[in-house]
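Chains as they are written, first to last, in the working numbering: chain A, 1 to 130; chain B, 1001 to 1130. The C-beta atom is built at its ideal place from N, Cα and C for all residues, glycine as well. Notes follow once the structure below has been shown.
Shown next, in the form of structure tokens:
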């Protein structure tokens, strides 16, 4: 039955999303305050690490495990739940609302650049070594 | 018992993250292909909508419902699971890997700008009207 297969795939998304979100919360909580200043390095780390995962997923996992359930569990679920565009923007907006436009701009630039770099390198590594 | 309270909060993150990730998948699947070109408008929509939610959360919900469980369920869980920094970067990288640097750059710029705009306006509206 087609709907049963579809429902099962949604359960994979839910499971991966639950695990990814809890992992994001725990990693961010563990890293918050490690650095003495108020720059949200913990979200830079979380989102950059998520981009390493997404590069590997696109290069390696997606071709090795083509069944949709892996895309649901890992790509739509875990990695999607682990990273958060909303937190990225919220932390950036925080700087702008406090008048610190330069730091806000640098924060956005840093996350974009590190994200693209992390995804490129892991995509290349995933295609080359695995 | 403290650990019991902490475990309960993680369950709120998991539940919100599961629902948010499934919502992201369903909204993206429903919107994909609505527009005839290959620009990932569905992810632009999802992430921008998530930034509207995060603005309201920061301005209104967080002050109205200060108990940590609401932050866990809605901010760390649902909104974090609904948006995805990894998909944002993956779609952008796709353009760069195919040599379409201008579209890739415009895509990144569009998501950053719409995200900040959406979060600012909803933050302001949340503080003003609610």
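*In the stretch 7 to 22 of chain A, which residues sit with their C-beta less than 8 Å from some C-beta in chain B, listed in chain order?*
10, 13, 14, 15, 16, 17, 18, 19, 20, 21, 22
*Would the beta-carbon of residue 1096 (chain B) fall within 7 Å of that of residue 1103 (chain B)?*
Counting from 1 along the second chain, the entry for residue 1096 (chain B) is found at position 96. Counting from 1 along the second chain, the entry for residue 1103 (chain B) is found at position 103. No.
*asked:* Between which residues of its own chain and residue 140 (chain A) is the CB-CB distance below 8 Å, once the five residues before and five after are set aside?
replied: Lying outside 1 to 130, the shown extent of chain A, residue 140 (chain A) is not represented and no answer is given.
*Quick one, which of B:1129, B:1123, B:1057 has its alpha-carbon nearest residue 1076 (chain B)'s?*
Here residue 1076 (chain B) is taken as the residue at index 76 of the second chain, counted from 1. Comparing alpha carbon positions, the residue from B:1129, B:1123, B:1057 closest to residue 1076 (chain B) is B:1057.
*How about residue 81 (chain A) and residue 1050 (chain B): do their beta carbons lie closer than 7 Å?*
The residue labelled residue 81 (chain A) in the question sits at position 81 within the first chain. The residue labelled residue 1050 (chain B) in the question sits at position 50 within the second chain. The answer is no: Cβ separation not under 7 Å.
*Please name the residues in the stretch 1055 to 1086 of chain B whose beta-carbon is closer than 7 Å to at least one beta-carbon of chain A, in chain order.*
The residues in question are 1058, 1076, 1077, 1079, 1080, 1081, 1083, 1084, 1085, 1086.
*Measure the C-alpha to C-alpha separation of residue 1072 (chain B) and residue 1013 (chain B) and round it to an integer number of angstroms.*
For the purposes of this step, residue 1072 (chain B) is taken as the residue at position 72 of the second chain. For the purposes of this step, residue 1013 (chain B) is taken as the residue at position 13 of the second chain. The alpha-carbon atoms of residue 1072 (chain B) and residue 1013 (chain B) are separated by roughly 5 Å.
*asked:* Could you give the first and the last residue of the continuous alpha helix (DSSP H) run that contains residue 1094 (chain B)?
replied: Mapped onto the second chain, residue 1094 (chain B) falls at position 94. Here the alpha helix (DSSP H) through residue 1094 (chain B) covers 1085 to 1097.
*Is residue 30 (chain A) close to chain B, meaning its C-beta is less than 7 Å from at least one C-beta of that chain?*
By 1-based counting over the first chain, the position of residue 30 (chain A) is 30. Output row for residue 30 (chain A): interface = no.
*In three-state DSSP terms, what is residue 65 (chain A)?*
Stepping through the first chain from its first residue, residue 65 (chain A) is reached at position 65. Looking at residue 65 (chain A) - three-state DSSP - the assignment turns out to be coil, as it is neither helix nor strand.
*So the alpha helix (DSSP H) residue 49 (chain A) belongs to, where does it begin and stop?*
One-based indexing of the first chain puts residue 49 (chain A) at position 49. Here the alpha helix (DSSP H) through residue 49 (chain A) covers 41 to 56.
_Cβ of residue 1052 (chain B) within 7 Å of any chain A Cβ_ = Taking the first residue of the second chain as 1, we reach residue 1052 (chain B) at position 52. No, residue 1052 (chain B) lies away from the interface with chain A (no Cβ there is under 7 Å from its Cβ).
_Here's the rule I'm using: 16 or more other beta-carbon atoms within 10 Å means buried, otherwise exposed. How should residue 1129 (chain B) be labelled?_
Mapped onto the second chain, residue 1129 (chain B) falls at position 129. Within 10 angstroms of the beta-carbon of residue 1129 (chain B) lie fewer than 16 other beta-carbons, which makes it exposed.
*asked:* Any C-beta of chain A within less than 7 Å: which residues of the stretch 1098 to 1119 of chain B qualify?
replied: 1108, 1112, 1115, 1116, 1119
*asked:* Against chain A, with Cβ distances strictly below 7 Å, would residue 1090 (chain B) count as a contact?
replied: The residue you call residue 1090 (chain B) lines up with position 90 of the second chain. So yes, residue 1090 (chain B) belongs to the interface.
*By a C-beta neighbour count over all protein chains shown, 10 Å radius and 16 as the cutoff for buried, is residue 123 (chain A) buried or exposed?*
In the first chain, residue 123 (chain A) corresponds to position 123, counting from 1. Buried is the call here.
_Starting from residue 1038 (chain B), trace the alpha helix (DSSP H) in both directions and tell me its first and last residue._
Residue numbering aside, residue 1038 (chain B) sits at position 38 when the second chain is read from its first letter. It is not in any alpha helix (DSSP H) - residue 1038 (chain B) carries neither H nor E in the DSSP assignment.
*asked:* Measuring straight from C-alpha to C-alpha, what distance separates residue 46 (chain A) and residue 1063 (chain B)?
replied: Against the first chain, residue 46 (chain A) aligns to sequence position 46. Against the second chain, residue 1063 (chain B) aligns to sequence position 63. The straight-line gap from Cα to Cα measures roughly 26 Å.
*Output yes if chain A places a C-beta closer than 7 Å to the C-beta of residue 1047 (chain B); else output no.*
For this step, residue 1047 (chain B) is matched to residue 47 along the second chain. Using a CB distance cut-off of 7 Å, residue 1047 (chain B) counts as an interface residue toward chain A.
*Nearest-angstrom Cα distance between residue 68 (chain A) and residue 25 (chain A)?*
For this step, residue 68 (chain A) is matched to residue 68 along the first chain. For this step, residue 25 (chain A) is matched to residue 25 along the first chain. Going by the C-alpha atoms only, they are around 27 Å apart.
_Looking at the secondary structure, which residues open and close the alpha helix (DSSP H) in which residue 1071 (chain B) lies?_
Along the second chain, one-based indexing puts residue 1071 (chain B) at 71. Looking at the DSSP string, residue 1071 (chain B) is not in any alpha helix (DSSP H), and its letter there is neither H nor E.
_Continuous alpha helix (DSSP H) stretch holding residue 1028 (chain B): start and end_ = Counting from 1 along the second chain, the entry for residue 1028 (chain B) is found at position 28. Start and end: 1002 to 1031.
*Of the residues A:118, A:91, A:121, which one's Cα is nearest the Cα of residue 134 (chain A)?*
Outside the displayed range of chain A (1 to 130) lies residue 134 (chain A), so it cannot be described from this structure.
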